[in-house]
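Per the working numbering, residue 6 is the first one in the sequence shown, and the count goes up by one each step.
Quick reminder that beta carbons are idealized off the backbone N, C-alpha and C, glycines included.
A quick note: this is a predicted structure, and the numbers were derived from the prediction, not measured.
Structure, as structure tokens:
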Amino acid sequence: MTAGGDFIPTGEPNEFEEPSYPKLFGLSLTPTVSGILLALLGLGAAIWLWMTIVQPTIQRNQELRTDVATKEQQLIDQEETQRQIQEARTRLAEAQQLQSDVLGLFATQRSLDTLLLDVNERVQSANAGIQDPARRANLSRFDLNTTESGIVSDGSYGSTVNGRLRRQVYDVEIEGTFPQVVSIVRSIERLQPLLVVSDLTSQLDTESQRLVLDTQGRVASGQPESRITAAFQLAALVPVDQPATQPTEQTGETEATEETGETEEAEPAE
Numbered sequence: 006m007t008a009g010g011d012f013i014p015t016g017e018p019n020e021f022e023e024p025s026y027p028k029l030f031g032l033s034l035t036p037t038v039s040g041i042l043l044a045l046l047g048l049g050a051a052i053w054l055w056m057t058i059v060q061p062t063i064q065r066n067q068e069l070r071t072d073v074a075t076k077e078q079q080l081i082d083q084e085e086t087q088r089q090i091q092e093a094r095t096r097l098a099e100a101q102q103l104q105s106d107v108l109g110l111f112a113t114q115r116s117l118d119t120l121l122l123d124v125n126e127r128v129q130s131a132n133a134g135i136q137d138p139a140r141r142a143n144l145s146r147f148d149l150n151t152t153e154s155g156i157v158s159d160g161s162y163g164s165t166v167n168g169r170l171r172r173q174v175y176d177v178e179i180e181g182t183f184p185q186v187v188s189i190v191r192s193i194e195r196l197q198p199l200l201v202v203s204d205l206t207s208q209l210d211t212e213s214q215r216l217v218l219d220t221q222g223r224v225a226s227g228q229p230e231s232r233i234t235a236a237f238q239l240a241a242l243v244p245v246d247q248p249a250t251q252p253t254e255q256t257g258e259t260e261a262t263e264e265t266g267e268t269e270e271a272e273p274a275e
């Protein structure tokens with residue numbers, strides 16, 4: 006048998022040879038094995054990147070967010086604190102102003118020093134336009150009552166002021182007609198210092214209770230007005246942090262003596 010020039014190998018045909026793969030640690034790096042190794046390497050790299058870069062960054066961001074929230078809350082708290090401080094300052098200023106206004110109502114050393122002059126001025130104001138000494142009102146007594154004076158502790162003005170106020174009490178007597186006495190007492194109550202009028206009593210002057218008859222035995226017009234003597238206690242209240250004044254009774258007695266002397270000198274002329 007002849008062949009047409011073609012080479013026909015002799016012998017049995019060989020099987021396909023297996024490809025040669027690199028080996029690592031005795032392990033052939035086949036495509037499957039290489040894929041698994043690459044996947045494991047990528048997973049490891051991802052875990053490493055997560056643990057070394059991503060996770061610390063997330064934690065840092067979380068810390069920054071927490072810090073920002075804390076700072077914002079601190080700012081809010083500071084604003085609230087500043088608002089509360091401002092409100093407290095406003096209330097304090099209002100309380101101080103109220104305290105100043107209240108203290109301004111009480112007597113002071115200066116007002117006590119001039120109290121006798123102020124009271125006598127009110128008496129003289131009631132005598133405006135009256136020339137007849139017998140019809141003029143008269144401050145006959147203005148004496149310091151040392152027994153009644155002192156620190157308030159009897160609760161007469163409320164228990165809250167016990168030990169905080171000093172009371173200086175004066176025994177006062179005013180002679181005049183009823184309208185004059187009422188006008189004088191009301192004007193004394195309107196004085197700037199806080200004064201308390203108590204134990205007011207009045208006594209009718211019997212000498213002024215007389216009827217004047219004309220030549221025909223009838224009641225003549227222009228009858229003399231009835232005069233009364235009003236006695237009362239005048240208490241001046243002073244805060245205990247102010248020094249007490251000790252006005253001399255001689256001043257009141259001198260003033261009353263001068264007025265009495267003027268009256269006595271004018272009566273014979275009548």
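| query | result |
| --- | --- |
| Under DSSP, the beta strand (DSSP E) around Glu-180 begins and ends at which residues? | 170-182 |
| Roughly how many angstroms separate the alpha carbons of Ser-188 and Gln-104, rounded to a whole number? | 31 Å |
| Are at least three pairs of beta-carbons, each pair with one atom in the segment 142-160 and one in the segment 123-131, less than 8 Å apart? | yes |
| Mapping DSSP to helix, strand and coil, what is Ser-231? | coil |
| Pick helix, strand or coil for Gln-136, following the three-state DSSP scheme. | coil |
| Check the C-beta distance from Ile-156 over to Arg-171 and give it rounded, since I have them as a contact under 8 Å. | 6 Å |
| Could you check what DSSP says for Pro-198 in three-state terms: helix, strand or coil? | coil |
| Between Glu-175 and Leu-122, how many whole angstroms is the CB-CB distance? I'm expecting something under 8 Å. | Per the sequence presented here, residue 175 reads as Tyr, with Glu not at that position. Not confirmed; about 13 Å, so no contact. |
| Could you tell me whether the segment 108-117 touches the segment 197-216, using the rule of 3 or more Cβ pairs below 8 Å? | yes |
| Would you be able to state if there are at least three C-beta pairs under 8 Å between the segment 201-209 and the segment 231-238? | yes |
| By the three-class DSSP mapping on this structure, what secondary structure does Arg-191 have? | helix |
| Does DSSP put Thr-119 in a helix, in a strand, or in coil? | coil |
| Which two residues bound the contiguous alpha helix (DSSP H) that contains Ile-63? | 60-110 |
| Can you tell me whether Thr-113 is helix, strand or coil according to DSSP? | coil |
| Given this structure, state the Cα-to-Cα distance separating Asp-159 from Thr-95, to the nearest angstrom. | 35 Å |
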